[in-house]
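Participant: To start, I am sharing the structure in question, which I have written as structure tokens.
In the numbering used here, the protein residues as written are 39 to 93.
And the structure:
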């Protein structure tokens, strides 16, 4: 059960839509424009984490 903080913030700020106060917005395709997620990791990131892609 969520705490409903986003809804509480919506009411507190007088916004008409909960989407205006959601901390991590996503598009309908589940893309996060702020962090460009999901995206392919760089080779440096893979090396840092010790991850190897197969195929």
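Backbone N, C-alpha and C fix where the C-beta goes; we use that ideal spot for every residue, glycine too.
For the alpha helix (DSSP H) containing residue 85, name the first residue and the last one.
Facilitator: Per DSSP, residue 85 belongs to the alpha helix (DSSP H) from 81 to 87.
Participant: With H, G and I counted as helix, E and B as strand and the rest as coil, what does DSSP make of residue 74?
Facilitator: Three-state result, residue 74: coil.
Participant: Quick one: give me the first and last residue of the alpha helix (DSSP H) that residue 46 is part of.
Facilitator: Where residue 46 is concerned, the enclosing alpha helix (DSSP H) stretches over 43 to 51.
Participant: Spatial neighbours of residue 64 within its chain, please: CB distance less than 6 Å, with the 5 preceding and 5 following residues excluded, ordered by chain position.
Facilitator: Cβ neighbours of residue 64 beyond the five flanking positions: 70.
Participant: Determine the DSSP secondary structure at residue 90, reduced to helix, strand or coil.
Facilitator: Reduced to three states, the DSSP call for residue 90 is coil.
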